[in-house]
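These protein sequence lines are chains A and B, in that order. First residue of the first sequence? That's 37 in this note's numbering, and the numbers climb one at a time after it. First residue of the second sequence? That's 21 in this note's numbering, and the numbers climb one at a time after it. I have placed the structure first, in the form of structure tokens, so that the comments after it can refer back to it.
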Amino acid sequence: MKKLVINLFLILTIFIIYFLQSNFFNWFNIAGVMPNVFIIFVLFIGLFTNKTVGTAYGVVIGLILDLLFSQKIGIQAVTLGLVGFLAAIFDKNFSKDSRMTIMLMVLGSTVIVEVLNYLLAYMFININVEIVNFVKILAIEVIYNMILTIIIYPLIQKFGYDIENEYKGNKILTRYF
Amino acid sequence: MYQNKKAGTIGIIITIIILILIVIFSNGESNTAFFENAASNLVMPIQNGLTYLKNKISGNNTFFTDINNLQQENEELKQKNSELEQSLRELENIRTENETLKEYLNLTEKYGEYNTIPGYVINKDISNYSKTIVINLGSNDGVAENMTVIADQGLVGYVISVTDTTAKVQTIVDTASSVSCIMSSNDESIVCKGTMDDSSTLKAMYIPTDSNIAQGESIETSGLGGIYPKGIHVGTVTKVTNTQNLTDRYATVETAVDFDKLNTVLVITNK
Numbered sequence: 037m038k039k040l041v042i043n044l045f046l047i048l049t050i051f052i053i054y055f056l057q058s059n060f061f062n063w064f065n066i067a068g069v070m071p072n073v074f075i076i077f078v079l080f081i082g083l084f085t086n087k088t089v090g091t092a093y094g095v096v097i098g099l100i101l102d103l104l105f106s107q108k109i110g111i112q113a114v115t116l117g118l119v120g121f122l123a124a125i126f127d128k129n130f131s132k133d134s135r136m137t138i139m140l141m142v143l144g145s146t147v148i149v150e151v152l153n154y155l156l157a158y159m160f161i162n163i164n165v166e167i168v169n170f171v172k173i174l175a176i177e178v179i180y181n182m183i184l185t186i187i188i189y190p191l192i193q194k195f196g197y198d199i200e201n202e203y204k205g206n207k208i209l210t211r212y213f
Numbered sequence: 021m022y023q024n025k026k027a028g029t030i031g032i033i034i035t036i037i038i039l040i041l042i043v044i045f046s047n048g049e050s051n052t053a054f055f056e057n058a059a060s061n062l063v064m065p066i067q068n069g070l071t072y073l074k075n076k077i078s079g080n081n082t083f084f085t086d087i088n089n090l091q092q093e094n095e096e097l098k099q100k101n102s103e104l105e106q107s108l109r110e111l112e113n114i115r116t117e118n119e120t121l122k123e124y125l126n127l128t129e130k131y132g133e134y135n136t137i138p139g140y141v142i143n144k145d146i147s148n149y150s151k152t153i154v155i156n157l158g159s160n161d162g163v164a165e166n167m168t169v170i171a172d173q174g175l176v177g178y179v180i181s182v183t184d185t186t187a188k189v190q191t192i193v194d195t196a197s198s199v200s201c202i203m204s205s206n207d208e209s210i211v212c213k214g215t216m217d218d219s220s221t222l223k224a225m226y227i228p229t230d231s232n233i234a235q236g237e238s239i240e241t242s243g244l245g246g247i248y249p250k251g252i253h254v255g256t257v258t259k260v261t262n263t264q265n266l267t268d269r270y271a272t273v274e275t276a277v278d279f280d281k282l283n284t285v286l287v288i289t290n291k
């Protein structure tokens with residue numbers, strides 16, 4: 037029952053993030069570059085639930101974004117799904133109690149997602165490659181994502197551990213050592 | 021969880037303030053006038069008072085009244101000057117408006133042969149790396165894939181997929197877009213590709229080595245490639261970049277359509 041509530045809450049959050057991304061960040065940008073909150077969100081789900089749920093949410097969100105905007109369906113589904121999967125691996129190897137590690141995880145996953153997106157787009161859509169501009173935009177986006185992580189970190193922690201208790205139950209031992 | 025809660029809150033507030041400042045200052049000077057005004061309002065009364073005191077103490081009031089008069093006169097003249105400049109600018113504006121209106125008239129004549137459906141932009145891409153838009157026309161309105169989309173200023177892009185009520189449009193500034201164009205003065209063909217640089221510039225490549233391309237040259241579609249019809253205005257050349265090799269020089273083309281403010285579009289349903 038509680039899992040159902042959590043999932044409804046997460047789906048609602050997807051919509052909120054979508055509207056933030058398409059309206060608010062369109063206006064509130066750094067030199068024309070928007071952050072990508074979906075990456076933070078999928079990372080967060082993967083960190084606090086498990087591999088399957090994280091990957092599933094990543095693939096579904098990616099598919100929705102692909103259907104809405106992309107020319108080839110599936111590119112973002114693959115990359116965001118990968119983030120959900122990676123997050124579960126991050127969870128096993130790193131602590132979630134420190135703001136710094138979460139920021140570094142956001143940095144890593146943003147770079148991985150955008151570089152992979154770009155490579156896949158290059159392979160399937162045949163875009164005009166501009167490495168310098170790409171790196172410039174990516175750098176600003178990474179910084180923006182990390183700043184946002186600092187701001188929403190208390191939220192991540194508060195809801196994260198509730199969700200983790202529900203999904204992992206008694207299996208979490210590391211937190212008590 | 022184990023951190024000092026108060027310090028955490030202060031950190032978050034500082035981060036939010038820094039973020040807002042970065043956003044304001046990275047988006048041009050349009051927002052800084054407010055801060056400048058605030059700063060000058062804060063300082064000027066004290067400054068005036070101090071100046072007045074200094075004048076009183078030094079005793080030679082006449083000199084300063086003269087200066088005051090001169091200052092007043094100077095200000096009046098400056099004001100007059102700025103008014104004149106203002107009217108000049110207005111005239112300039114009217115002239116350009118006149119020109120654009122004339123251009124519109126020509127455009128409607130030019131596009132008169134096409135059947136168009138008007139529509140609105142209802143969504144823009146949320147990614148930083150591609151620039152597709154979604155419009156409120158779909159297969160129910162008679163829109164199909166590969167149809168050309170224009171705005172009243174010029175070319176916008178083409179339809180890449182349709183649903184019943186919406187259509188995805190790949191704009192010409194998208195990095196995946198290449199448009200075959202001609203220069204309107206000498207009919208030599210070039211290819212305009214979208215860049216990631218800016219939302220309103222294209223990179224014109226494959227310029228013939230013997231052609232002399234100049235600033236202000238008008239660019240329109242050539243009709244080659246099968247998607248875009250011939251003779252739709254794309255933009256004007258703003259800069260020609262010469263490289264060491266004549267074959268790979270390129271030009272920067274400013275699109276006629278302002279993609280940041282694009283709201284209404286027309287879909288051409290026949291070719």
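For glycine and all other residues, C-beta sits at the position ideal for the given N, C-alpha and C.
Boundaries of the beta strand (DSSP E) in which A/Pro190 is found, first to last residue
Not the beta strand (DSSP E): A/Pro190 falls in the alpha helix (DSSP H), residues 167 to 204.
Less than 9 Å separating the beta-carbons of A/Thr115 and A/Leu156?
With respect to the 9 Å criterion, A/Thr115 and A/Leu156 are classified as neighbours on the basis of their beta carbons.
Would you say A/Asn43 reaches chain B, if we count a Cβ-Cβ gap shorter than 9 Å as a contact?
So, not an interface residue.
Strictly under 9 Å for the Cβ-Cβ distance: is B/Thr35 near chain A by that measure?
Closer than 9 Å: yes.
Could you check the C-alpha separation between B/Thr289 and B/Gln264 for me, to the nearest Å?
Near 44 Å, if we compare the C-alpha coordinates of B/Gln264 and B/Thr289.
Nonlocal neighbours in the same chain, by C-beta distance under 8 Å from A/Ile188, ignoring five residues either side
Excluding five sequence positions before and after A/Ile188, the CB atoms of its chain that fall closer than 8 Å to its own CB belong to Ile76, given in chain order.
Do the segment 118 to 133 of chain A and the segment 192 to 209 of chain B make contact, defined as three or more Cβ pairs closer than 8 Å?
No, the segment 118 to 133 of chain A is not in contact with the segment 192 to 209 of chain B.
Please identify, using Cβ separations under 8 Å, the residues of the segment 153 to 168 of chain B that lie next to chain A, in order along the chain.
Cβ proximity to chain A below 8 Å picks out Val154 from the segment 153 to 168 of chain B.
Could you tell me which of A/Glu177, A/Val69, A/Gln193, A/Thr88 sits nearest to A/Thr137, measuring between CA atoms?
Answer by Cα proximity: A/Gln193.
Note down, one range per segment and in chain order, each beta strand (DSSP E) of at least 3 residues found wholly within the segment 104 to 166 of chain B.
Counting only runs of 3 or more, we get 136 to 144, 152 to 155.
Find out if the Cβ-Cβ distance for the pair A/Phe105, B/Thr229 is shorter than 9 Å.
Contact: no.
What does a CB cutoff of less than 7 Å around A/Phe80 pick up in its chain, not counting 5 residues either side in sequence?
Result list for A/Phe80: Ile192, Gly196, in chain order.
Helix, strand or coil: how does DSSP classify B/Met21 here?
Per-residue confidence for B/Met21 stands at a pLDDT of 47, beneath the threshold of 50, marking its modelled position as unreliable; the derived number appears in the next sentence. Per DSSP, reduced to three states, the secondary structure at B/Met21 is coil, with no helix or strand assignment.
Listed by chain order, chain A residues near B/Asn143 by CB distance under 9 Å:
Around B/Asn143, the beta-carbon contacts reaching into chain A at under 9 Å are Ser58, Leu104, Phe105.
Straight-line gap, B/Asn262 to B/Tyr270 (C-alpha atoms, nearest Å)
Roughly 7 Å between the two C-alpha positions.
Based on Cα-Cα distance, which residue from B/Asp194, B/Glu96, B/Ala187, B/Thr136 lies nearest to B/Leu222?
Checked all of B/Asp194, B/Glu96, B/Ala187, B/Thr136; the closest Cα to B/Leu222 is B/Asp194.
Whose C-alpha, out of B/Val199, B/Ser219, B/Glu95, B/Ile170, is nearest the C-alpha of B/Thr284?
Of all alpha-carbon atoms in B/Val199, B/Ser219, B/Glu95, B/Ile170, the one lying nearest the alpha-carbon of B/Thr284 is that of B/Ile170.
Which residues mark the beginning and the end of the alpha helix (DSSP H) in which B/Tyr178 is found?
Element bounds for B/Tyr178: not the alpha helix (DSSP H) but the beta strand (DSSP E), 175 to 182.
Against chain B, does A/Val78 count as a neighbour if the rule is that its beta carbon must be under 9 Å from one of theirs?
Cβ-Cβ to chain B under 9 Å: no for A/Val78.
Measure the C-alpha to C-alpha separation of B/Asn156 and A/Asn62 and round it to an integer number of angstroms.
A straight-line Cα-Cα distance of about 20 Å links B/Asn156 and A/Asn62.
Contact with chain A by B/Gly31, beta-carbon distance below 9 Å
Yes, B/Gly31 counts as interfacial toward chain A.
Check whether the Cβ atoms of A/Ile111 and A/Asn59 sit closer than 9 Å, and answer yes or no.
In this structure, A/Ile111 keeps its C-beta atom at 9 Å or more from the C-beta atom of A/Asn59.
Alpha carbon to alpha carbon, how far is A/Tyr54 from A/Val78? Give it in angstroms, no decimals.
Taking C-alpha positions only, A/Val78 is separated from A/Tyr54 by approximately 13 Å.
Pick helix, strand or coil for B/Glu208, following the three-state DSSP scheme.
Here B/Glu208 carries a coil assignment [DSSP, helix/strand/coil].
Find the residues of chain A that neighbour B/Gly139, judging by a C-beta separation of less than 8 Å, and give them in chain order.
Correct list: empty, because the minimum Cβ distance to chain A is about 17 Å.
Beta carbon of B/Val163, beta carbon of B/Val176: below 9 Å?
In this structure, B/Val163 lies away from B/Val176, with their beta-carbon atoms at least 9 Å apart.
Starting from B/Ser198, trace the alpha helix (DSSP H) both ways and give me its first and last residue.
Element bounds for B/Ser198: not the alpha helix (DSSP H) but the beta strand (DSSP E), 198 to 203.
Does DSSP put B/Met303 in a helix, in a strand, or in coil?
The first residue shown for chain B is 21 and the last is 291, placing residue 303 of chain B beyond what the model contains.
Could you confirm whether any beta carbon from chain B is found closer than 9 Å to the beta carbon of A/Tyr54?
Taking CB atoms only, A/Tyr54 has a neighbour in chain B less than 9 Å away.
Any beta carbon from chain B within less than 9 Å of A/Ile125's own beta carbon?
Interface criterion not met: the Cβ of A/Ile125 is under 9 Å from no Cβ in chain B.
So is B/Asp294 buried or exposed if we call it buried at 16+ other beta carbons inside 10 Å?
No answer is possible for residue 294 of chain B: the residues shown for chain B start at 21 and end at 291.
Tell me which residue opens and which closes the beta strand (DSSP E) that B/Ala224 is part of.
Its beta strand (DSSP E) spans residues 221 to 225.
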